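Undergrad: Below you'll find the structure I mean.
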Amino acid sequence: MALALPIIASELHMTSLESVMAMSVYSLATAFGPLLIGPLSELYRRRVVLHTAKIWFLIWNIVCGFAQTKGLLIAARLMAGLGANAIYALGSERSDERGRSLGIYSLLPLFGAAAGPIIGGYITEYTTWRWMFWSTSTFQAILIVISIPLFRETHGPTILRHKAKELRRSTGNARYYTGDEALGNGRSVSWVLMRSFSRPIRSLLFHPITLVQACLSALDSGITYITLSTYSDIWTVEYHESISKSGLHYLAMCPGEIVGAQIGGPLLDLVFRRMKQRTNGVEMPEFRVPIIIPSFIFIPIGILVSGWAAQKHAPWIVVDLGAFGLCFGMQISGQTLQAYVIDSYPYHTSSASAASQFLCGLTAFGFPLFPPRMYQVLGHGWGNSTLAFIAIAIGIPAPLGIWWYGPRLRAKALSSY
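So in the working numbering, the last one in the sequence shown is 1595, and the numbering has no gaps at all.
What follows is the structure, given as structure tokens:
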């Protein structure tokens, strides 16, 4: 959508800030949507919540394409973003194969974010910006039709609850129940709902390790969306390229994500298995941490290379190589942090992921609002240097702290989960 913002702003009479808001308000919704979707998927069924959220997204994404006013477009983008969080109702693979599955899990959203501007650039230049929404809605409708008969329930406690319910029905014996049912026995529906919906926030406020992981993920997300929202400006403003041609440079991000997924996923599993062998089969979430630090070295390097190359009008390949390195590091760090939170909270993965996504959505919404002014004052060189210094200051010490103090931080959780 970033490439089409000037055209959308002109057609719907939007200011620069309003046009950026139309794009980033979607990310704001992804901050709050998981707070509902995560707990609901654990309270009811992942499968039901997943399909409901996808249909919700489809409806509002279609509305975006028909919007004739800026207010409707912004509102529809917000509502579509709430349904775009269906992915947080999903689970993951067994621990020693989790890197492989997360390589795909985290690759597809980032790949879509990088490939989208390429397709969107040509759609905007040769048709209308509205077809960006209609084409993605068509694809979403096809996926819904395919997924409904194929998807099965994957949430362990939910499966156990339904098995216990079936045993009670078939045997007439009321003693078949799960631990969750015993905890909620005699409680009101409002108590159960409040406990479930508050779980992501309680995790963020009272579980130090969740807060640290969420801050790292939020930093990742913020830098990613700054890059996605401003990358086309480098080519249209600094290099005077057309909209469609500038979109082609997002191709540099796709290989970075693909290579990161292909290297990071297997490496994550390999390191986990090796460290598990050293501890005689004992598994710890901290076994994921050694992969995080190298990824946070690639991120600032990529930011610095792309920023200063654009500032000095270096050959286009240098700028794109910087974007490649940035996305390579982002891909590895993203899947590693997700694996860590899954290992830390195996029975409430969706809620723990929702807590992390809450901060990610806020930074994805807020960070793209200040780069235009930042780059106007500092230029791409020093502007990106500022981001790189922040990434180094947070991205290196935090994983080291998790490695040294992770078990103690997890033990200091101030509330039950």
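Backbone N, C-alpha and C fix where the C-beta goes; we use that ideal spot for every residue, glycine too.
For clarity, every value in this text was computed on a predicted model and none was experimentally measured.
Candidates S1376, S1202, G1350 and S1188: which alpha carbon is nearest S1529's?
TA: Walking along the sequence shown from the start, residue 1529 turns up at place 351. Residue S1376 is the option with its Cα nearest to S1529.
Undergrad: Using the three-state DSSP reduction, which class does F1329 fall into: helix, strand or coil?
TA: On the sequence shown, position 151 is the one that residue 1329 refers to. Coil at F1329, not helix or strand.
Undergrad: Taking only three categories from DSSP, how would you classify E1196?
TA: Within the sequence shown, the letter at position 18 stands for residue 1196. Reduced to three states, the DSSP call for E1196 is helix.
Undergrad: Which first and last residues belong to the alpha helix (DSSP H) in which T1306 is found?
TA: Residue mapping note: residue 1306 aligns to position 128 of the sequence shown, counting from 1. Taken as a continuous stretch (DSSP letters only), T1306 belongs to no alpha helix (DSSP H), as it is neither H nor E.
Undergrad: Please classify A1464 as buried or exposed, where buried requires at least 16 other C-beta atoms within 10 Å of its C-beta.
TA: Along the sequence shown, read from residue 1 onward, the residue named residue 1464 stands at position 286. Note that residue 1464 is Glu in the sequence shown, not Ala. Classification of E1464: buried, given that the 10 Å Cβ count is 16 or more.
Undergrad: Could you check whether C1242 and F1311 sit closer than 8 Å to each other, using their CB atoms as the reference points?
TA: Here the question's residue 1311 lines up with position 133 in the sequence shown. Here the question's residue 1242 lines up with position 64 in the sequence shown. Yes.
Undergrad: Are three or more beta carbon pairs between the region 1476-1494 and the region 1547-1565 nearer than 8 Å?
TA: Segments in contact, yes.
Undergrad: Please state whether DSSP places A1487 in a helix, a strand or coil.
TA: Along the sequence shown, read from residue 1 onward, the residue named residue 1487 stands at position 309. Three-state DSSP puts A1487 in a helix.
Undergrad: Could you give the distance in angstroms between the alpha-carbon of G1350 and the alpha-carbon of E1331?
TA: Counted from its first residue, the sequence shown places residue 1350 at position 172. Counted from its first residue, the sequence shown places residue 1331 at position 153. C-alpha separation (whole angstroms): 25 Å.
Undergrad: Quick check: the Cα distance between R1466 and S1374, rounded to an integer number of angstroms?
TA: Translated into the one-based positions of the sequence shown, residue 1466 becomes position 288. Translated into the one-based positions of the sequence shown, residue 1374 becomes position 196. When rounded, the distance between both Cα atoms is 28 Å.
Undergrad: T1193: buried (16+ other C-beta within 10 angstroms of its C-beta) or exposed?
TA: Within the sequence shown, numbered from 1, the residue matching residue 1193 stands at position 15. T1193 comes out exposed.
Undergrad: Rounded to the nearest angstrom, how far is the Cβ of S1399 from that of C1538, given a contact under 8 Å?
TA: The residue labelled residue 1399 in the question sits at position 221 within the sequence shown. The residue labelled residue 1538 in the question sits at position 360 within the sequence shown. Right, the Cβ-Cβ distance comes to about 4 Å (below 8 Å), so this counts as a contact.
Undergrad: Just the Cα atoms here: how many angstroms apart are Q1509 and L1371?
TA: Here residue 1509 refers to the residue found at position 331 when the sequence shown is read from its first residue. Here residue 1371 refers to the residue found at position 193 when the sequence shown is read from its first residue. Rounded to whole angstroms, Q1509 to L1371 spans 34 Å at the Cα level.
Undergrad: L1547 and S1202: beta carbons closer than 8 Å?
TA: Counting from one through the sequence shown, the residue named residue 1547 turns up at place 369. Counting from one through the sequence shown, the residue named residue 1202 turns up at place 24. Cβ atoms of L1547 and S1202: closer than 8 Å.
Undergrad: Taking DSSP as the reference, what is the three-state secondary structure of F1548?
TA: Walking along the sequence shown from the start, residue 1548 turns up at place 370. Three-state DSSP puts F1548 in coil, outside helix and strand.
Undergrad: Report the residue ranges of all alpha helix (DSSP H) runs contained in full by the region 1473-1535; include only those spanning at least 4 residues, in chain order.
TA: Here the runs fully enclosed are 1494-1522.
Undergrad: What do you get for Q1554, buried or exposed, if any count of 16 or more other CB atoms within 10 angstroms of its CB means buried?
TA: In the sequence shown, residue 1554 corresponds to position 376, counting from 1. With fewer than 16 Cβ atoms within 10 Å of its Cβ, Q1554 is classed as exposed.
Undergrad: Please list, in chain order, all residues of the same chain as G1573 whose beta carbon is under 6 Å from its beta carbon, the five residues on each side excluded.
TA: Taking the sequence shown and counting its residues from 1, one reaches residue 1573 at position 395. Excluding positions up to five away in sequence, the list reads F1474.
Undergrad: In or out: V1519 buried (at least 16 other Cβ within 10 Å) or exposed?
TA: As a first step, residue 1519 is located in the sequence shown; it is residue number 341 there, counting from the start. Looking at its Cβ environment, which holds 16 or more other Cβ atoms inside 10 Å, V1519 is buried.
Undergrad: Can you tell me whether T1457 is buried or exposed? The criterion is at least 16 other CB atoms within 10 Å of its CB, across all chains shown.
TA: Taking the first residue of the sequence shown as position 1, residue 1457 is located at position 279. Exposed, by the Cβ-count rule.
Undergrad: Around the Cβ of Q1489, are there at least 16 other Cβ atoms within 10 angstroms (buried) or fewer (exposed)?
TA: Walking along the sequence shown from the start, residue 1489 turns up at place 311. Burial call: buried.
Undergrad: Could you give the DSSP three-state label for G1350: helix, strand or coil?
TA: Position 172 of the sequence shown, counting from 1, holds the residue named residue 1350. Coil.
Undergrad: Near G1434, which residues of its chain fall below 6 Å by C-beta distance, leaving aside the five closest residues on each side in sequence?
TA: Sequence index remark: in the sequence shown, residue 1434 carries index 256 (1-based). Closer than 6 Å at Cβ, skipping near neighbours: F1502, C1505 and F1506.
Undergrad: Rounded to whole angstroms, how far is the Cβ of F1536 from the Cβ of A1209, which I believe are closer than 8 Å?
TA: Indexing the sequence shown from 1 puts residue 1536 at position 358. Indexing the sequence shown from 1 puts residue 1209 at position 31. Indeed they touch by this definition, with Cβ atoms about 5 Å apart.
Undergrad: Using the C-alpha atoms, what's the distance from G1512 back to M1462?
TA: Residue mapping note: residue 1462 aligns to position 284 of the sequence shown, counting from 1. Residue mapping note: residue 1512 aligns to position 334 of the sequence shown, counting from 1. In a straight line, the C-alpha of M1462 is about 19 Å away from that of G1512.
Undergrad: From S1325 to H1491, what distance separates their C-alpha atoms?
TA: To locate residue 1325, count along the sequence shown from 1; it is residue 147. To locate residue 1491, count along the sequence shown from 1; it is residue 313. When rounded, the distance between both Cα atoms is 46 Å.
Undergrad: Would you decide whether Q1516 is buried or exposed? Buried here means 16 or more other CB atoms lie within 10 Å of its CB.
TA: If you number the sequence shown from 1, residue 1516 lands on position 338. Label assigned to Q1516: buried.
Undergrad: Using a Cβ-Cβ cutoff of less than 7 Å, which residues in the same chain neighbour A1566 once the five nearest sequence positions on both sides are dropped?
TA: Here residue 1566 corresponds to residue number 388 of the sequence shown, with the count starting at 1. If we look at A1566 and ignore the five residues flanking it on each side, its Cβ neighbours are P1478, I1481 and L1482.
Undergrad: Under 8 Å, do I1401 and A1569 count as touching if we go by C-beta distance?
TA: Within the sequence shown, numbered from 1, the residue matching residue 1401 stands at position 223. Within the sequence shown, numbered from 1, the residue matching residue 1569 stands at position 391. Cβ distance < 8 Å, so I1401 and A1569 count as in contact.
Undergrad: What does a CB cutoff of less than 6 Å around G1261 pick up in its chain, not counting 5 residues either side in sequence?
TA: What you label residue 1261 is simply residue 83 of the sequence shown in a count that begins at 1. These residues qualify, in order along the chain: A1231, W1234 and F1235.
Undergrad: If you run the structure through DSSP and keep just helix, strand and coil, what is S1420?
TA: Reading the sequence shown from its first residue, position 242 is the one you call residue 1420. Note: S1420 maps to coil in three-state DSSP.
Undergrad: Where do the ends of the alpha helix (DSSP H) carrying V1607 lie?
TA: Any answer about residue 1607 is impossible in this case: the structure gives the chain only from 1179 up to 1595.
Undergrad: Following the continuous alpha helix (DSSP H) through N1239, name the residue where it begins and the one where it ends.
TA: Sequence index remark: in the sequence shown, residue 1239 carries index 61 (1-based). It spans R1224 to F1244 - the alpha helix (DSSP H) in which N1239 sits, taken as one unbroken run.
Undergrad: Using beta-carbon positions only, say whether S1205 and F1543 come within less than 8 Å of one another.
TA: Within the sequence shown, residue 1205 is the residue found at index 27, counting from 1. Within the sequence shown, residue 1543 is the residue found at index 365, counting from 1. Yes, these two residues count as a Cβ contact at 8 Å.
Undergrad: Report all residues from its chain with a CB closer than 6 Å to the CB of M1552; omit the five preceding and five following residues, and keep chain order.
TA: In the sequence shown, the residue the question calls residue 1552 occupies position 374. Excluding positions up to five away in sequence, the list reads G1561.
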